[in-house]
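Chemist: Protein chains in written order, with my numbering: chain A, 1 to 347; chain B, 1001 to 1347; chain C, 2001 to 2347; chain D, 3001 to 3347.
In this text, a Cβ means the ideal position worked out from N, Cα and C, and glycines have one as well.
Note that the structure is a prediction, hence the values are computed from the model and not measured.
Quick one: the structure is below, questions incoming.
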């Protein structure tokens, strides 16, 4: 029963098979100039209903940090949630790739920013060159607490910052999970709502190394080949990245995987609520469940083989603990059942 | 007939099989804290006959730039050959990861530095903080011209710089090719000769993403986990990196692959010399052949299906061209024969 | 009536005279290797009652950013108040000089951090290399709201972070103002309380370009000459920096200037309170007064020739404005009287 | 007899007087938004016969590094001479301010680049993102060997790189010395010949802290206020920088000072040649003399009170030494006479 992270699971068999198939070509063009990389761009253009520039990179940290480096100058600031992955889990990589660009953090319920919070923060930047130049907004969808921004919410945020000349980035490490949760189109969730550049993540949802930076404002992609190379995010045997992405997008593998994970997360959440021993801290809208439980229960569950992490939370009672459960495309449904059985037992 | 690069070839079947096998584990610890990553360190410690710290990373550019960031401060200088990969083919990534650290370049026959050249360059750094602080020496083995440094040559270089407090880095993108060429032990080629940190490359020699930074001076590895993360060189599903490396080292796959490539390069080189249409520009000591040919011959060969690159060279006659031929672990020997046949035809 | 900033005022005549005198030497050693620079170090060692390393730099931003670069690695985090100058008024310079090091910000009354807040923040850094490595604490004394940390308060903060291997930096842009306010010794306010490195500012208090980075843990100063040079903080005609600092420290000019400013700030604050039109938002402990007034009053005062800035504040009523008044060493006392008269008039 | 550097001398009395006068204003706008700073821009626009953007900064290293950061992206390369100050004497500051941008160095007689050398070097950058993107050319006038580029020479260089989209920077640490040597106009020496941005140096020629970055392509100056701040090159009491620059430009002080130094350098050079003990290594075209002498003579001269540095040179005989003599605006002509007398004595 492993709910620790999406990343503890392996690779979708279709993606793995694509790697094997890619190896059957004796040679291929290296450094992501292969035909497959071009097909990825074409495929994503179709999915997003407009011409995009798409670049395969190595991981989500690289995708986010690179995307930000293309829209925030060295003297700029990126507005983001204080729980955002770029702020808490990428150990200064955004700052490095941006050449010193600064993350300007804000609090917000359910790990989401609101137009009001962003507008308020902007008022602190009226003293010219003394502060960072507000240059970009970064939001995560699905968020770090497993909630989602609707297209309307994204647009409302973009409407605050775009008139200031700021660009909008979306960290889509769990893009597919948000998309199927919202039931909208990829275009509606991104450029139609004002997003300029997207970290399109697939590793968590079935890939091995499966991440792309996707530019909707393609003028921002000028020189991105240089950016990808100078940050060490360019892979030599690029066919093995493009093959993964093509398999992932083929036959809507990505959507099916996300749907499965989201559904299972709902099952898990409902079962937890029904147990009366655990209360959800946050609405479950993607493939993660956040819940508060008595500390002894936490210890019992762990002892009986359930793996999941505690997670920072404010306002807990003394003997409570806040926990994150991640359900991935590959989490066995029996493990969810088993966990819920365990919970009932303990109740 | 593709001699363009090692990277146009795919992955050794045993390495690929290891990826498939790694996926059979439902879950594994993520972010390179898996057991496999620890086994890699143990295995490399055995191979190098001392306790090493070894970190799996994403590519050679990352390995080199990270290694240098651990031994050269932001205000430091790294002495290196002007043909070195870090200088010509990593688009400022070393400078980025070092936070501005500077490459101090020198010329040298066969892409090799000599103790005299390095000592001479050091004399230019007597004006304290006005120049970069000489902090490291980086050499490539096998070099960018397919030649090798012997342990004695490495030691002679290290002896120039180590008394100055400088550290020694080896770019081993083609480490195995150099090793089997020299017929020495891995220890003799590295720490016994004064090397502190090694980029241990396997991607070119059979891997998909197969690179490690190996510290012989393990005190330099403190905080390297942070360094790897903050540069975007940490992979989440780390088992797929460790599995590759373990398969690569198992049963001396790495050595066999390198031997095969080196031998084939000798065949190619000898055949080329015998043709009387081409002359070698550089001794062939690893898996690369550098040769000068008439430009019309170059065009004929390319037209007839031979892929290889021209390569910068000084002192060519008007109608000559200098070319690089790379033979990889997977280059079919028939392709070498076919190419030599073509050459004889054209002669 | 100019209360906009300390920086709108000029230079203490004794400091200016020292510049003139320094120019009477036909030649002097350049790049801060002059005898004067050495005397500065000796003088500061005496003032701080221990051997310090002291380096003259160009401005407060440079001093802070350089000091932090010496105690926080590229992958590190600096804990600081969210109102701190390094966070709000140095436009990514700390991040630049640190090579991507991150500011970890916290709120706190009166622009001060508390041990509890810092300890609580530290609990968020238990996930290893995914987050920045907590490396330093930076506090400002006097703070950005004109309050002061007592030696005991500083020690209590240092006691939280030093056991974690973190270093302590003090931004002393208004060091003298804090010192005379506290009535303690320079040693008590710094290294005896756990401070490792200090930005010792004098520009605001009578200098033209008068800032030093002072290391109490002198081992941290190794290679600082390189750091100062590589960040463009080294001045060629260094005698003009050392002359300023020596004149500033001579005959306790620095202390007298700070006392005068602090006293005048008290006069201003008391007069403002007595007016019943204005209420202080923050205790007045150095040379700044922060106050809330009706917006129409603000406009009237400005119209009648009083210069001072509004300043961000939470929880204001609709028609209120929060303002900062800075009193410098050179603010004419008649201007304070004139302003208070104006205020009485308006009341 | 001090010929060690321009920087060992002090400040022109008129510049010093301007500092004193500037202090007579009780208050002035801070952070280089004072009227004086605007006047500097207007004055330089007049001198350069077109609208320029001019920014006062702290030192030559800062001016150069900032100027380059405005024309070379983080993944870019700056072509320059291997003896250039940015390459040898600014300890990685250009790399830092550029965020990793790389200096691409070339040799060249008399410290000058030629169109042929630059064009040849450009041919090495045909492999796209693997190498730095050629982004700028930087030349120094007068050069580090005291020679000058004529407007025609500058134009010939610019003509090689501008069609490639590269920008042209001039390091004018000794701009005035080059200008009076050439007898052309400031416009002819800069933008009319293809220069986009200039480091306009005055510190060596009579200032205390007297440097500006001047943009002829004013679109490059967008956001330069942020750049200057984020690199710690913004001074709070800016009136003391603008006052220096205005005094320096007033009544052609700058040109008179440079003429005096150049003339004295000619006297020195001719006297040295006449001595038959010393031979010039380089044509004397500005305020520096480079000469080769027997080592014992060097020691005798130093022992008798002449201060000057040895300077790297190739092809010296065993017992020879190569030396630099700098004559500044303030070098007493009697010291030149005294030195030449000494030399005659020794002959």
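(1) Secondary structure at residue 1308 (chain B), three-state DSSP: helix, strand or coil?
(2) Alpha carbon to alpha carbon, how far is residue 2281 (chain C) from residue 2324 (chain C)?
(3) For my contact list, residue 2289 (chain C) and residue 2268 (chain C) are in at a C-beta cut-off of 8 Å; report their separation, rounded to the angstrom.
(4) Any idea if residue 3309 (chain D) is buried or exposed, counting beta-carbon neighbours within 10 angstroms, 16 or more meaning buried?
(5) Going straight from the alpha carbon of residue 99 (chain A) to that of residue 1241 (chain B), what length do you get?
(6) Just reading off the beta strand (DSSP E) that residue 3080 (chain D) is part of, what are its end residues?
(7) Return the residue from the list B:1230, B:1037 and B:1026 that minimises the CA-CA distance to residue 2073 (chain C).
(8) In the structure shown, what three-state DSSP assignment does residue 3204 (chain D) receive?
(9) How many whole angstroms separate the CB atoms of residue 115 (chain A) and residue 160 (chain A), which I take to be in contact at a CB cut-off of 8 Å?
(10) Closer than 8 Å by C-beta to residue 3180 (chain D): which residues in its own chain qualify, once you throw out the five before and the five after it? Chain order, please.
(11) Using a Cβ cut-off of 8 Å, pull out every chain A residue sitting near residue 1208 (chain B), in sequence order please.
(12) Contact check, residue 2008 (chain C) vs residue 3035 (chain D) under 8 Å by CB: the rounded distance?
(13) Pair every Cβ in the stretch 2127-2138 of chain C with every Cβ in the stretch 2067-2081 of chain C, then say whether three or more of these pairs are closer than 8 Å.
(14) What number of angstroms, rounded off, separates the C-alpha of residue 2113 (chain C) from the C-alpha of residue 185 (chain A)?
(15) Could you check if residue 319 (chain A) is buried or exposed, using at least 16 other CB atoms within 10 Å of its CB as the buried criterion?
(16) For residue 3204 (chain D) and residue 3174 (chain D), which I take to be in contact (beta-carbon distance under 8 Å), what is that distance rounded to the nearest angstrom?
(17) Is any beta-carbon of chain B found at less than 7 Å from that of residue 2077 (chain C)?
(18) Grab me the residues of residue 1107 (chain B)'s own chain with a C-beta within less than 6 Å of its C-beta, minus the 5 sequence neighbours each way, in chain order.
(19) Whose C-alpha, out of C:2328, C:2189 and C:2122, is nearest the C-alpha of residue 2002 (chain C)?
(20) Skipping 5 residues on each side, what residues in its chain have a beta carbon closer than 8 Å to that of residue 1050 (chain B)?
(21) Could you tell me the boundaries of the beta strand (DSSP E) in which residue 3324 (chain D) lies?
(22) Which runs of the beta strand (DSSP E), 3 residues or longer, sit entirely within the stretch 3238-3301 of chain D?
(23) Quick test of your reading: residue 1030 (chain B) and residue 1056 (chain B), contact by CB under 8 Å. State the CB separation rounded to the nearest angstrom.
(24) Work out the CA separation of residue 3054 (chain D) and residue 3249 (chain D) for me, nearest whole Å.
(25) Is there a C-beta anywhere in chain B that falls below 7 Å from the one on residue 96 (chain A)?
(26) What is the residue span of the alpha helix (DSSP H) that residue 3112 (chain D) lies within?
(27) Starting from residue 2215 (chain C), trace the beta strand (DSSP E) both ways and give me its first and last residue.
(28) Determine whether the beta carbon atoms of residue 3169 (chain D) and residue 3214 (chain D) lie at a separation below 7 Å.
(29) Grab the span of the alpha helix (DSSP H) containing residue 1066 (chain B) for me, first residue to last.
(30) Here's the rule I'm using: 16 or more other beta-carbon atoms within 10 Å means buried, otherwise exposed. How should residue 3219 (chain D) be labelled?
(31) Who are the near neighbours of residue 3022 (chain D) in its chain, counting only those whose CB is closer than 7 Å to its CB and skipping five residues on each side?
(32) So for residue 3084 (chain D), helix, strand or coil by DSSP?
(33) For residue 1091 (chain B), which residues in chain A fall below 7 Å Cβ to Cβ?
(34) Is residue 2142 (chain C) helix, strand or coil by DSSP?
(35) Straight-line CA distance for residue 1084 (chain B) to residue 3334 (chain D)?
(36) Do we get a CB-CB distance below 7 Å when we pair residue 3073 (chain D) with the residues of chain B?
Modeler: For this structure:
(1) Your numbering for residue 1308 (chain B) matches position 308 in the second chain. It is coil, neither helix nor strand.
(2) Reading the third chain from its first residue, position 281 is the one you call residue 2281 (chain C). Reading the third chain from its first residue, position 324 is the one you call residue 2324 (chain C). Going from the Cα of residue 2281 (chain C) to the Cα of residue 2324 (chain C) covers about 10 Å.
(3) Along the third chain, one-based indexing puts residue 2289 (chain C) at 289. Along the third chain, one-based indexing puts residue 2268 (chain C) at 268. At roughly 5 Å, the Cβ-Cβ gap stays under 8 Å, so residue 2289 (chain C) and residue 2268 (chain C) are in contact.
(4) Here the question's residue 3309 (chain D) lines up with position 309 in the fourth chain. Classification for residue 3309 (chain D): exposed.
(5) The sequence position of residue 99 (chain A) within the first chain is 99, counting from 1. The sequence position of residue 1241 (chain B) within the second chain is 241, counting from 1. Answer to the nearest angstrom: the Cα atoms are 29 Å apart.
(6) Within the fourth chain, residue 3080 (chain D) is the residue found at index 80, counting from 1. Its beta strand (DSSP E) spans residues 3076-3081.
(7) In the third chain, counting from the first residue as 1, residue 2073 (chain C) sits at position 73. The alpha carbon of residue 2073 (chain C) has as its nearest neighbour, out of B:1230, B:1037 and B:1026, the alpha carbon of B:1230.
(8) Along the fourth chain, read from residue 1 onward, the residue named residue 3204 (chain D) stands at position 204. It is coil, neither helix nor strand.
(9) By one-based count along the first chain, residue 115 (chain A) stands at place 115. By one-based count along the first chain, residue 160 (chain A) stands at place 160. With 8 Å as the limit, residue 115 (chain A) and residue 160 (chain A) qualify as a contact, their Cβ atoms being about 5 Å apart.
(10) Translated into positions along the fourth chain, residue 3180 (chain D) becomes position 180. Within its own chain, the residues whose Cβ lies closer than 8 Å to the Cβ of residue 3180 (chain D), once the five positions on either side in sequence are excluded, are 3255, 3258, 3259 and 3262, listed in chain order.
(11) Mapped onto the second chain, residue 1208 (chain B) falls at position 208. Going along chain A in sequence order, the residues near residue 1208 (chain B) (Cβ under 8 Å) are 19, 237 and 240.
(12) Here the question's residue 2008 (chain C) lines up with position 8 in the third chain. Here the question's residue 3035 (chain D) lines up with position 35 in the fourth chain. Actually they are not in contact, since the Cβ atoms of residue 2008 (chain C) and residue 3035 (chain D) sit about 13 Å apart, beyond 8 Å.
(13) Yes, they touch.
(14) Taking the third chain and counting its residues from 1, the one referred to as residue 2113 (chain C) is at position 113. Taking the first chain and counting its residues from 1, the one referred to as residue 185 (chain A) is at position 185. Here the alpha carbon of residue 2113 (chain C) sits roughly 46 Å from the alpha carbon of residue 185 (chain A).
(15) For the purposes of this step, residue 319 (chain A) is taken as residue 319 along the first chain, with counting starting at 1. Around the beta-carbon of residue 319 (chain A), fewer than 16 other beta-carbon atoms lie within 10 Å, marking it exposed.
(16) Mapped onto the fourth chain, residue 3204 (chain D) falls at position 204. Mapped onto the fourth chain, residue 3174 (chain D) falls at position 174. That belief holds up - the Cβ atoms of residue 3204 (chain D) and residue 3174 (chain D) are roughly 6 Å apart, short of 8 Å.
(17) On the third chain, position 77 is the one that residue 2077 (chain C) refers to. Not closer than 7 Å to any Cβ of chain B, the Cβ of residue 2077 (chain C) fails to qualify, so no.
(18) Looking up residue 1107 (chain B) in the second chain gives position 107. For residue 1107 (chain B), same chain residues with a beta-carbon under 6 Å away, outside a window of 5 residues either side, are 1082 in chain order.
(19) Taking the third chain and counting its residues from 1, one reaches residue 2002 (chain C) at position 2. Measuring from the Cα of residue 2002 (chain C), the nearest candidate turns out to be C:2328.
(20) On the second chain, residue 1050 (chain B) is found 50 positions in, with the first residue counted as 1. For residue 1050 (chain B), where only same-chain residues beyond five positions count, the Cβ hits under 8 Å are 1187, 1191 and 1216.
(21) Mapped onto the fourth chain, residue 3324 (chain D) falls at position 324. Annotation: the continuous beta strand (DSSP E) that includes residue 3324 (chain D) extends over 3320-3326.
(22) Runs found: 3288-3294.
(23) Mapped onto the second chain, residue 1030 (chain B) falls at position 30. Mapped onto the second chain, residue 1056 (chain B) falls at position 56. At roughly 13 Å, the Cβ-Cβ gap does not stay under 8 Å, so residue 1030 (chain B) and residue 1056 (chain B) are not in contact.
(24) The residue labelled residue 3249 (chain D) in the question sits at position 249 within the fourth chain. The residue labelled residue 3054 (chain D) in the question sits at position 54 within the fourth chain. The straight-line gap separating the alpha-carbon atoms of residue 3249 (chain D) and residue 3054 (chain D) is approximately 14 Å.
(25) Translated into the one-based positions of the first chain, residue 96 (chain A) becomes position 96. Yes, contact with chain B.
(26) Against the fourth chain, residue 3112 (chain D) aligns to sequence position 112. From DSSP, residue 3112 (chain D) is part of no alpha helix (DSSP H); its letter is neither H nor E.
(27) As a working note, residue 2215 (chain C) is residue 215 in the third chain. Looking at the DSSP string, the run of the beta strand (DSSP E) that includes residue 2215 (chain C) is 2211-2215.
(28) Position 169 of the fourth chain holds residue 3169 (chain D). Position 214 of the fourth chain holds residue 3214 (chain D). Not in contact: residue 3169 (chain D) and residue 3214 (chain D) (Cβ atoms no closer than 7 Å).
(29) Walking along the second chain from the start, residue 1066 (chain B) turns up at place 66. Judged by DSSP secondary structure, residue 1066 (chain B) falls within the alpha helix (DSSP H) whose first and last residues are 1060-1071.
(30) If you number the fourth chain from 1, residue 3219 (chain D) lands on position 219. Exposed is the call here.
(31) Translated into the one-based positions of the fourth chain, residue 3022 (chain D) becomes position 22. 3239, 3240 and 3243, listed in sequence order.
(32) Numbered from its first residue, the fourth chain carries residue 3084 (chain D) at position 84. Looking at residue 3084 (chain D) - three-state DSSP - the assignment turns out to be coil, as it is neither helix nor strand.
(33) One-based indexing of the second chain puts residue 1091 (chain B) at position 91. The answer, in chain order, is 226, 229 and 230.
(34) In the third chain, counting from the first residue as 1, residue 2142 (chain C) sits at position 142. For residue 2142 (chain C), the secondary structure class from DSSP, reduced to helix, strand or coil, is coil.
(35) To locate residue 1084 (chain B), count along the second chain from 1; it is residue 84. To locate residue 3334 (chain D), count along the fourth chain from 1; it is residue 334. It is roughly 52 Å from the alpha-carbon of residue 1084 (chain B) to the alpha-carbon of residue 3334 (chain D).
(36) By 1-based counting over the fourth chain, the position of residue 3073 (chain D) is 73. Interface annotation, residue 3073 (chain D): not in contact with chain B, CB-CB separation never under 7 Å.
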